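> Numbering (my numbering), first residue to last: 10 to 226.
#1: Of all the options 19, 217 and 170, which has the alpha carbon lying nearest to the alpha carbon of residue 185?
#2: Starting from residue 33 and walking both ways along the alpha helix (DSSP H), at which residues does that stretch end?
#3: Is the CB-CB distance between residue 136 and residue 155 below 8 Å?
#4: Under DSSP, the alpha helix (DSSP H) around residue 175 begins and ends at which residues?
#5: Going by beta carbon distance, what residues of the same chain come within less than 7 Å of residue 209, once the five residues before and after it are set aside?
#6: Assign residue 53 to one of three DSSP states: helix, strand, or coil.
#7: Along the alpha helix (DSSP H) that carries residue 80, what are the first and last residues, could you check?
#8: Report the start-end ranges of each alpha helix (DSSP H) in the segment 115-146 that is 4 residues or longer and not cut off at the edges.
#9: Rounded to a whole number of angstroms, what is the C-alpha to C-alpha distance between residue 51 and residue 90?
#10: What's the call for residue 167, buried or exposed, on a 16-neighbour Cβ count within 10 Å?
#11: May I ask which residues mark the beginning and end of the alpha helix (DSSP H) holding residue 236?
#12: Give the DSSP-derived three-state secondary structure of residue 59 in the structure shown.
#13: To the nearest angstrom, report how far apart residue 97 and residue 74 are at their CA atoms.
#14: Can you tell me where the alpha helix (DSSP H) with residue 74 in it begins and where it stops?
#15: If you draw a straight line from the C-alpha of residue 53 to the C-alpha of residue 59, how long is it?
#16: Could you tell me the boundaries of the alpha helix (DSSP H) in which residue 103 lies?
#17: Out of 158, 175, 176 and 153, which one is the CA nearest neighbour of residue 165?
#18: Take the Cβ of residue 231 as the centre, count every other Cβ of all protein chains shown within 10 Å, and call the residue buried at 16 or more, exposed below.
#19: Which of helix, strand or coil does DSSP assign to residue 226?
#20: Using CA atoms only, rank isn't needed, just tell me which of 192, 131, 146 and 109 is closest to residue 178.
#21: Let me confirm a value: residue 111 is counted as buried when at least 16 other C-beta atoms fall within 10 Å, else exposed. Which label applies?
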């Protein structure tokens with residue numbers, strides 16, 4: 010099967026079976042999303058969704074969070090991973106938003122990456138989800154699922170996977186494709202125990218083909 014055919018069949022499957030894919034992080038505005046995505050690093054969306062309501066009630070925008078000390082933010086996020094570092098990042102991020110962007114979350118991924126605590130993946134998530142930019146955020150789920158299906162080949166880094174995915178997925182589908190791969194990895198193509206029997210992609214999945222070849226031999 011050619012790479013183009015593999016992408017075509019993958020897109021057709023998800024378009025039919027997951028037409029309304031979107032982030033599971035809860036947010037009401039761009040600032041709420043960037044806060045949630047920063048918190049989500051090595052932390053579950055479920056946990057982040059438990060933390061953000063109280064945090065954002067106290068600090069609903071960049072201006073209010075910029076006035077806080079990181080110790081104040083820490084008290085709201087202490088149950089997530091690396092709360093001390095994330096508290097510092099959130100306050101510094103809010104201060105830069107106020108000082109350099111007028112309190113508005115920028116749409117350009119390069120500008121977003123200037124913000125403390127915002128790496129390439131976080132920037133791409135925000136640019137894609139909020140502004141529908143044709144960028145692919147590669148987290149551990151996307152990296153794993155894309156490799157298993159065969160959408161990426163010999164990708165050793167998230168950037169390599171991102172470039173391969175971006176060059177093969179139409180711009181207008183990029184924001185959905187990010188969520189397709191994340192949700193598939195979260196609920197079906199799990200890291201340790203992939204549910205191959207429930208997967209609609211197994212007919213052309215390279216991982217499934219290799220696994221069954223080994224069973225037969």
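Each residue gets a CB set at the ideal place from its N, CA and C atoms; glycine is no exception.
Keep in mind the model is a prediction, meaning the values are calculated, not measured.
In brief:
#1: Position 176 of the chain shown, counted from the first residue, corresponds to residue 185. Cα-wise, what sits closest to residue 185 is 19.
#2: If you number the chain shown from 1, residue 33 lands on position 24. Secondary structure note for residue 33: it is in no alpha helix (DSSP H), with a DSSP letter that is neither H nor E.
#3: Counting from 1 along the chain shown, the entry for residue 136 is found at position 127. Counting from 1 along the chain shown, the entry for residue 155 is found at position 146. Result no, Cβ atoms of residue 136 and residue 155 do not sit closer than 8 Å.
#4: In the chain shown, residue 175 corresponds to position 166, counting from 1. 167-177 is the extent of the alpha helix (DSSP H) around residue 175.
#5: Along the chain shown, one-based indexing puts residue 209 at 200. Hits under 7 Å: 22 and 26.
#6: Reading the chain shown from its first residue, position 44 is the one you call residue 53. Correct three-state label for residue 53: coil.
#7: Indexing the chain shown from 1 puts residue 80 at position 71. From DSSP, the alpha helix (DSSP H) with residue 80 extends over 79-86.
#8: List check, alpha helix (DSSP H) in window: 118-121 and 129-140.
#9: As a first step, residue 51 must be located in the chain shown, where it is residue number 42. As a first step, residue 90 must be located in the chain shown, where it is residue number 81. So the alpha carbons of these two residues sit roughly 7 Å apart.
#10: Walking along the chain shown from the start, residue 167 turns up at place 158. The C-beta of residue 167 has 16 or more other C-beta atoms within 10 Å across all chains shown, which makes the residue buried.
#11: Outside the shown range of the chain (10 to 226) lies residue 236, about which nothing can therefore be said.
#12: The residue labelled residue 59 in the question sits at position 50 within the chain shown. Residue 59 falls in the helix class under three-state DSSP.
#13: As a position in the chain shown, residue 97 is number 88, starting the count at 1. As a position in the chain shown, residue 74 is number 65, starting the count at 1. In a straight line, the C-alpha of residue 97 is about 11 Å away from that of residue 74.
#14: The residue labelled residue 74 in the question sits at position 65 within the chain shown. Per DSSP, residue 74 belongs to the alpha helix (DSSP H) from 71-75.
#15: Translated into positions along the chain shown, residue 53 becomes position 44. Translated into positions along the chain shown, residue 59 becomes position 50. Approximately 10 Å, taken between the alpha carbons.
#16: Along the chain shown, read from residue 1 onward, the residue named residue 103 stands at position 94. Start and end: 92-110.
#17: Within the chain shown, the letter at position 156 stands for residue 165. Selected option, being the one with the closest Cα: 153.
#18: No statement about residue 231 is possible, as the shown extent of the chain runs from 10 to 226 and does not include it.
#19: On the chain shown, residue 226 is found 217 positions in, with the first residue counted as 1. Residue placement at residue 226 is poorly supported in this model, since its pLDDT is 47, which falls under 50; the coordinates still yield a value, given next. Three-state DSSP puts residue 226 in coil, outside helix and strand.
#20: Indexing the chain shown from 1 puts residue 178 at position 169. It is 146 whose Cα lies nearest to the Cα of residue 178.
#21: Walking along the chain shown from the start, residue 111 turns up at place 102. Exposed, by the Cβ-count rule.
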